[in-house]
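Going line by line, the protein sequences match chains S and V.
For the first sequence, numbering that gives the first Met the number 0 assigns the number 0 to the initial residue and increments by one for each residue that follows.
For the second sequence, numbering that gives the first Met the number 0 assigns the number 0 to the initial residue and increments by one for each residue that follows.
In this text, a Cβ means the ideal position worked out from N, Cα and C, and glycines have one as well.
Single-structure report; data block below.
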Amino acid sequence: MTEQKEIILESVKYIKQKSPFKKSPSIALITYKDASFLREFKVIKSLKYPDIPPNVLTGSKVNEGELLFATLKGSKHNLLIMNGRYNFYEGYTMRQVAHPIYTLRELGVKTVVLIDEVGYLNPRFTDGGIALIYDHINLMGDNPLIGENDETLGTRFPDMSNAYDYLLYDKVEKIFLNRKIKFYPSVYLGITGPETETEAECRFYREIGSDVLGYSLVPENLAVVHSQMKCAAFGMMSRELVADRLSEIDVEEQAKNRIKAEKTFTPLLKDILSIL
Amino acid sequence: MPSIFTRLDESLEYINNKINSFKPQIGIILGTGLGGLVKDVNIQYSLAYSSIPHFPVSTVEFHHGNLIFGSISGKNAVIMQGRFHYYEGYSMEEVTYPIRVMHKLGANTLLVSNACGAVNPLFKRGDLMIMRDHINFLFDTPIKRNHPKIKNQQVYNRELIDIAEVTALENEIPVRKGVYCSLTGPTLETRAEYRMVRKLGGDVVGMSTIPEALLSGFFGFKVLGFSIITDLGFPDTLKPAVIEEIIETAAQAEPKLTLLMKKIIEKLLNE
Numbered sequence: 000m001t002e003q004k005e006i007i008l009e010s011v012k013y014i015k016q017k018s019p020f021k022k023s024p025s026i027a028l029i030t031y032k033d034a035s036f037l038r039e040f041k042v043i044k045s046l047k048y049p050d051i052p053p054n055v056l057t058g059s060k061v062n063e064g065e066l067l068f069a070t071l072k073g074s075k076h077n078l079l080i081m082n083g084r085y086n087f088y089e090g091y092t093m094r095q096v097a098h099p100i101y102t103l104r105e106l107g108v109k110t111v112v113l114i115d116e117v118g119y120l121n122p123r124f125t126d127g128g129i130a131l132i133y134d135h136i137n138l139m140g141d142n143p144l145i146g147e148n149d150e151t152l153g154t155r156f157p158d159m160s161n162a163y164d165y166l167l168y169d170k171v172e173k174i175f176l177n178r179k180i181k182f183y184p185s186v187y188l189g190i191t192g193p194e195t196e197t198e199a200e201c202r203f204y205r206e207i208g209s210d211v212l213g214y215s216l217v218p219e220n221l222a223v224v225h226s227q228m229k230c231a232a233f234g235m236m237s238r239e240l241v242a243d244r245l246s247e248i249d250v251e252e253q254a255k256n257r258i259k260a261e262k263t264f265t266p267l268l269k270d271i272l273s274i275l
Numbered sequence: 000m001p002s003i004f005t006r007l008d009e010s011l012e013y014i015n016n017k018i019n020s021f022k023p024q025i026g027i028i029l030g031t032g033l034g035g036l037v038k039d040v041n042i043q044y045s046l047a048y049s050s051i052p053h054f055p056v057s058t059v060e061f062h063h064g065n066l067i068f069g070s071i072s073g074k075n076a077v078i079m080q081g082r083f084h085y086y087e088g089y090s091m092e093e094v095t096y097p098i099r100v101m102h103k104l105g106a107n108t109l110l111v112s113n114a115c116g117a118v119n120p121l122f123k124r125g126d127l128m129i130m131r132d133h134i135n136f137l138f139d140t141p142i143k144r145n146h147p148k149i150k151n152q153q154v155y156n157r158e159l160i161d162i163a164e165v166t167a168l169e170n171e172i173p174v175r176k177g178v179y180c181s182l183t184g185p186t187l188e189t190r191a192e193y194r195m196v197r198k199l200g201g202d203v204v205g206m207s208t209i210p211e212a213l214l215s216g217f218f219g220f221k222v223l224g225f226s227i228i229t230d231l232g233f234p235d236t237l238k239p240a241v242i243e244e245i246i247e248t249a250a251q252a253e254p255k256l257t258l259l260m261k262k263i264i265e266k267l268l269n270e
């Protein structure tokens with residue numbers, strides 16, 4: 000067995016022991032820390048990331064994220080929620096960023112919902128809007144699959160033509176249409192960050208075909224695809240990155256925009272979980 | 000670990016002991032579709048990578064790992080049977096270590112091949128393409144230290160490209176010419192990525208060759224690269240890639256690439 004798999008199984012064993020669910024959930028949601036829509040969930044149990052062995056994931060500081068065993072209020076859906084993620088820009092390696100994804104898969108997860116805060120490059124997009132991500136460009140210069148490939152996790156050269164499952168995407172689109180909520184189909188650009196983008200970079204990123212950008216979703220999606228799970232992804236648009244009208248980022252404004260998007264997203268959660 | 004120069008000296012000492020002052024003129028990397036060329040080589044020495052001190056070891060299942068010394072079309076060559084890919088986790092230094100060995104042995108020409116996906120809509124599965132230029136999207140380079148003078152403006156040698164084109168015409172083998180863009184992989188590209196590569200001026204996408212071409216170009220090698228188009232990366236009609244199909248396409252293209260390469264080597268000047 001590869002070292003990678005050993006570490007995964009160690010995490011799996013601990014999480015299984017602590018799990019309050021009889022049947023392991025088939026859905027996982029991964030989001031940045033403390034998004035407001037998480038209040039919609041009843042948390043049955045939570046595990047702090049540093050408590051999950053073998054805890055080999057070491058970034059620039061202690062990760063305050065938690066793995067939540069949760070159910071959506073007023074619904075029968077059980078799911079696993081990663082409240083907070085391992086970001087490449089915090090100093091985690093790509094393999095470390097991908098570790099929780101493989102762990103979720105070994106726990107029985109079949110579908111992963113990724114939620115990220117994004118900046119938008121497309122001039123037709125708007126603050127507080129929701130990006131439906133249907134494809135990505137990896138400009139992080141790295142990939143969690145580089146290195147030895149464990150065939151029990153996935154194939155050497157995963158095909159990326161359905162990286163964001165198109166059937167799921169169609170269903171999600173219908174939910175937005177039924178609820179008459181505007182959405183923004185998006186190509187997500189993955190870059191390392193954490194510094195924000197220059198005007199020239201924004202122009203370049205738009206030119207190569209991206210609509211929104213962020214620092215975290217791409218390696219997670221690559222691991223999701225590698226481990227044959229399905230992926231749906233959403234971006235909460237919190238800052239404008241349109242080159243010709245770029246202004247200095249106002250952190251408060253950004254938080255306000257993000258919360259606005261989260262508020263729009265919250266009532267859709269139930270519908271979205273029901274189609275997975 | 001000892002410095003790269005010490006390690007190189009040790010590798011060379013071992014190799015020179017084994018090959019009795021054999022002097023290769025050409026370095027060849029048997030990438031995809033070129034594996035059969037070895038049948039045309041009058042092999043004099045074959046050293047397993049694992050036997051050479053400090054040499055990296057190839058992991059990919061369908062690759063052998065041998066450094067072969069012999070003559071082909073009348074030229075002395077050092078041939079890599081099995082190569083090192085960046086996506087396998089090797090550092091740039093490891094990927095290009097054999098190039099340093101070839102350089103020390105006195106080779107001054109590099110012939111290399113690879114498999115790639117086409118983003119140029121004129122290209123077809125099974126086509127051969129002469130690498131006219133490249134775009135390095137590996138976010139890394141083998142040329143980092145102790146290299147004050149970089150002379151990589153024309154990595155892919157114009158004379159060799161001309162010879163390759165003429166030779167292809169003479170033998171009635173259709174060839175394309177284009178820009179090879181390398182991404183790290185090993186995941187295949189998304190639609191958005193194929194679209195990006197096309198927009199940036201790439202004709203094909205692959206995951207290899209650029210590190211070796213860069214370093215050998217830096218050493219003053221004349222580099223000639225061939226790509227076999229084994230799959231199509233047209234974003235608007237993208238179909239899931241089937242690895243077996245890719246391998247099959249490469250195998251079908253192999254005889255014409257092998258023949259072409261042999262004829263090209265015949266035309267190289269004895270130096």
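Does residue i come within less than 9 Å of chain S when only Cβ atoms are used?
i	result
Phe217(V)	no
Glu231(V)	Looking at the sequence itself, residue 231(V) is Leu, so the reference to Glu does not match. No - not a single Cβ of chain S is within 9 Å of the one on Leu231(V).
Thr312(V)	This structure leaves residue 312(V) out entirely; chain V is present only between 0 and 270.
Phe281(V)	Beyond the ends of chain V as shown, which are 0 and 270, falls residue 281(V); an answer cannot be given.
Phe225(V)	no
Leu137(V)	yes
Tell me, which residues are paired with residue i by DSSP?
i	result
Cys115(V)	Ile228(V)
Ile28(V)	Met79(V), Val111(V)
Phe233(S)	Ile114(S), Leu131(S)
Ala47(V)	Asn65(V)
Asn137(S)	Gly189(S)
Asn41(V)	Ser70(V)
Asn19(V)	Partner(s): none; Asn19(V) has no beta bridge.
Asn82(S)	Thr30(S), Glu65(S)
Arg238(S)	Gly118(S)
Gly205(V)	Ser181(V)
Leu223(V)	Leu110(V)
For residue i and chain V, any beta-carbon pair shorter than 9 Å?
i	result
Gln16(S)	no
Leu288(S)	Since the first residue of chain S shown is 0 and the last is 275, residue 288(S) is not available in this structure.
His98(S)	no
Asn256(S)	no
Asp134(S)	yes
Val186(S)	yes
Ser209(S)	yes
Asp140(S)	At residue 140(S) the sequence reads Gly, which differs from the Asp that was named. Taking Cβ atoms only, chain V reaches closer than 9 Å to Gly140(S), which makes this a yes.
Asn86(S)	no
Asn54(S)	no
Asn137(S)	yes
Lys4(S)	no
> In chain order, which continuous runs of the beta strand (DSSP E) of length 3 or greater are located wholly inside the stretch 5-80 of chain S?
Replying inline: 26-30, 40-47, 65-71
>> At a CB distance below 8 Å, what residues from the stretch 186-199 of chain V approach chain S? Give them in sequence order.
In response: Thr186, Leu187, Glu188, Thr189, Arg190, Ala191, Glu192, Arg194, Met195, Lys198, Leu199
> Between the stretch 213-222 of chain S and the stretch 131-145 of chain S, are three or more C-beta pairs nearer than 8 Å?
Replying inline: yes
>> Counting only Cβ-Cβ distances shorter than 8 Å, please list the residues of the stretch 144-174 of chain S near chain V, keeping chain order.
In response: Leu144, Ile145, Gly146, Glu147, Asn148, Thr154, Arg155, Phe156, Pro157, Asp158, Met159, Ser160, Asn161, Ala162
> Where are the beta strand (DSSP E) runs, 3 residues long or more, that stay fully inside the stretch 181-213 of chain S, in chain order?
Replying inline: 183-189, 211-213
> Of the residues that make up the stretch 81-104 of chain V, which ones have a beta carbon closer than 8 Å to any beta carbon in chain S?
Replying inline: Tyr85, Tyr86, Glu87, Gly88
> How about the stretch 192-205 of chain S and the stretch 66-81 of chain S: do they share at least three Cβ pairs that are nearer than 8 Å?
Replying inline: no
> Three or more C-beta pairs closer than 8 Å, one from the stretch 203-211 of chain V and one from the stretch 129-144 of chain V: is that the case here?
Replying inline: yes
> Taking Cβ-Cβ distances below 8 Å as the criterion, which residues of the stretch 195-207 of chain S are in contact with chain V?
Replying inline: Glu206, Ile207
>> Which residues of the stretch 235-258 of chain V have a Cβ closer than 9 Å to any Cβ of chain S? Give them in chain order.
In response: Leu237, Lys238, Pro239, Ala240, Val241, Ile242, Ile245
>> Please list, in chain order, the residues of the stretch 104-119 of chain S that have any C-beta partner in chain V closer than 9 Å.
In response: none
> Does the pairing of the stretch 106-115 of chain S with the stretch 222-230 of chain S give three or more beta-carbon distances under 8 Å?
Replying inline: yes
> Just checking, does the stretch 98-110 of chain V make contact with the stretch 221-238 of chain V on the three C-beta pairs under 8 Å criterion?
Replying inline: yes
>> Closer than 8 Å is the cut-off here; do at least three beta carbon pairs connect the stretch 24-40 of chain S with the stretch 251-263 of chain S?
In response: yes
>> I'd like the ranges of any beta strand (DSSP E) spanning at least 3 consecutive residues and lying wholly in the stretch 122-200 of chain V.
In response: 127-136, 174-182
>> Counting only Cβ-Cβ distances shorter than 9 Å, please list the residues of the stretch 221-244 of chain S near chain V, keeping chain order.
In response: Leu221, Val224, His225
> Using 8 Å as the threshold, is the stretch 201-213 of chain S in touch with the stretch 19-33 of chain V, meaning 3 or more CB pairs across them?
Replying inline: no
>> Count Cβ pairs between the stretch 171-179 of chain S and the stretch 172-184 of chain V that sit closer than 8 Å; are there 3 or more?
In response: no
>> Tell me whether the stretch 191-207 of chain V and the stretch 152-172 of chain V touch, counting them as touching only if at least three CB pairs, one residue from each stretch, are closer than 8 Å.
In response: no
>> Can you confirm whether the stretch 239-258 of chain S touches the stretch 4-22 of chain V when touching is taken to mean that 3 or more C-beta pairs between the two stretches lie within less than 8 Å?
In response: no
> How do the stretch 62-70 of chain S and the stretch 40-48 of chain S stand: do at least 3 beta-carbon pairs fall below 8 Å, yes or no?
Replying inline: yes
> Does the stretch 227-237 of chain V come within contact of the stretch 110-126 of chain V, defined as at least 3 CB pairs closer than 8 Å?
Replying inline: yes
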